[in-house]
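Visitor:
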Amino acid sequence: MELVVDFLAELFVELLADFLAELLVELLADFLAELVVELLADFLVELVVELLADFLVELLVELVV
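Here it is in structure tokens:
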């Protein structure tokens, strides 16, 4: 009986550890993916806004001059 209990305890601990490790990796991967997408989106929006602003300023200067 003691061997069965020890076996089941080890099995439970191993399964729980595997589950928690997979969960942690999945959550971390999701978090990092969202973070990268968000940072890239922010960077691209700022870049487009800056380029568009520069273009419009140059266009206005050309039209005025």
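Residue 40 in numbering that gives the first Met the number 0 is what sits at position 41 of the sequence shown, and the numbering runs on without skipping anything. Built from N, CA and C at the ideal position, the CB exists for glycine as well.
1) Three-state secondary structure (DSSP) at Val64?
2) What separation, rounded to the nearest whole angstrom, lies between the Cα atoms of Ala16 and Leu2?
3) Pull up the distance between the alpha-carbon of Asp53 and that of Glu21, whole angstroms please.
Guide: In short:
1) In the displayed model, Val64 falls within coil according to three-state DSSP, outside both helix and strand.
2) 21 angstroms
3) 47 angstroms
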